[in-house]
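**Student:** Here you go, one structure.
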Amino acid sequence: MRNIVILISGGGSNMQALVRAAQRQQWEPRLGGRIAAVISNKADAPGLVFARAQGIATAVLAHQGFATREAFDTALMALIDGYAGMQPPLVVLAGFMRILTPTFVAHYAGRLLNIHPSLLPAFPGLHTHQRAIDAGCQFAGATVHLVTAELDHGPILAQAIVPILPGDSAAALAARVLSQEHLIYPRAVAQLLQTP
1295 MRNIVILISG GGSNMQALVR AAQRQQWEPR LGGRIAAVIS NKADAPGLVF ARAQGIATAV
1355 LAHQGFATRE AFDTALMALI DGYAGMQPPL VVLAGFMRIL TPTFVAHYAG RLLNIHPSLL
1415 PAFPGLHTHQ RAIDAGCQFA GATVHLVTAE LDHGPILAQA IVPILPGDSA AALAARVLSQ
1475 EHLIYPRAVA QLLQTP
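This is the structure in structure tokens:
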């Protein structure tokens, strides 16, 4: 059994999409994958309420209680690994608003996923939708990728393309991209579970 640990900082809409896909597609009996825990760095993250309602273990590790980013990441690794089970866990970032240290990334190399709201390598970082509009792009989208030490880089596992419409606002574009994120993220995780 491959345990999946999802990290969130807020509402966790991508986490919710993953949980629903795991239930609907029966990941546990079919793919040997189980969402074992949802961890947040914020105690008031609304996504924790959803996870608990689904019977998923939750934990909070507030980054403010740590003197350094390295100290927080070390504690986070210990917490995640506590949910590992028989195999090293698959760690899925779903709106986890922390830049992770190279040590953390190396610890979960090949098992750490992120979704980014742009067609990487275009527009890494923040404000991706407005930047795509301002650049005159005809298309935007989302990318699922393995995390490396370089922010918003790493091997691409899946992408979805969304047209930028005349007069689009960043908010309208973000909503259309998010609906595609909810489709491609579960698909990418399921494919990874099938990879030996």
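Residue numbers (the numbering used here): 1295 to 1490. Note that CB positions come from ideal geometry on N, CA and C, so glycine has one too. All of these numbers come straight from a predicted model, not from anything done at the bench.
1. Report back the beta-carbon spacing between L1370 and F1398 to the nearest angstrom; my notes put them in contact at under 8 Å.
2. Going by Cα to Cα distance, which pick from R1314, A1378, A1372 and P1323 is closest to D1347?
3. Residues in its own chain within less than 7 Å of N1408 by CB, not counting five upstream and five downstream?
4. Taking C-beta to C-beta, are L1487 and G1349 nearer than 7 Å?
5. I'd like the ranges of any beta strand (DSSP E) spanning at least 3 consecutive residues and lying wholly in the stretch 1300-1362.
6. Name the residue from A1484, L1477 and T1489 whose alpha carbon lies nearest to the alpha carbon of S1307.
7. Going by alpha carbons, who is nearest to P1480 out of G1359, T1352, M1295 and L1384?
8. Measure the CB-CB distance between T1395 and E1444 and report whether it falls below 7 Å.
**Tutor:** So, to answer that:
1. Taking the sequence shown and counting its residues from 1, one reaches residue 1370 at position 76. Taking the sequence shown and counting its residues from 1, one reaches residue 1398 at position 104. Correct: roughly 7 Å between the Cβ atoms.
2. Counting from 1 along the sequence shown, the entry for residue 1347 is found at position 53. Contrary to the premise, residue 1347 reads as Ala rather than Asp in this sequence. Nearest C-alpha to A1347: R1314.
3. Here residue 1408 is taken as the residue at index 114 of the sequence shown, counted from 1. Leaving aside the five residues that flank N1408 on each side, the residues in its chain whose CB is nearer than 7 Å to its CB run, in chain order, L1387, H1439 and V1441.
4. Walking along the sequence shown from the start, residue 1487 turns up at place 193. Walking along the sequence shown from the start, residue 1349 turns up at place 55. Not a contact, by the Cβ cut-off of 7 Å.
5. As far as the stretch 1300-1362 is concerned, its whole beta strand (DSSP E) runs of at least 3 residues are 1327-1334 and 1351-1354.
6. Translated into the one-based positions of the sequence shown, residue 1307 becomes position 13. Checking every option, the nearest Cα to that of S1307 belongs to L1477.
7. Taking the first residue of the sequence shown as 1, we reach residue 1480 at position 186. Residue L1384 is the option with its Cα nearest to P1480.
8. Mapped onto the sequence shown, residue 1395 falls at position 101. Mapped onto the sequence shown, residue 1444 falls at position 150. Not a contact, by the Cβ cut-off of 7 Å.
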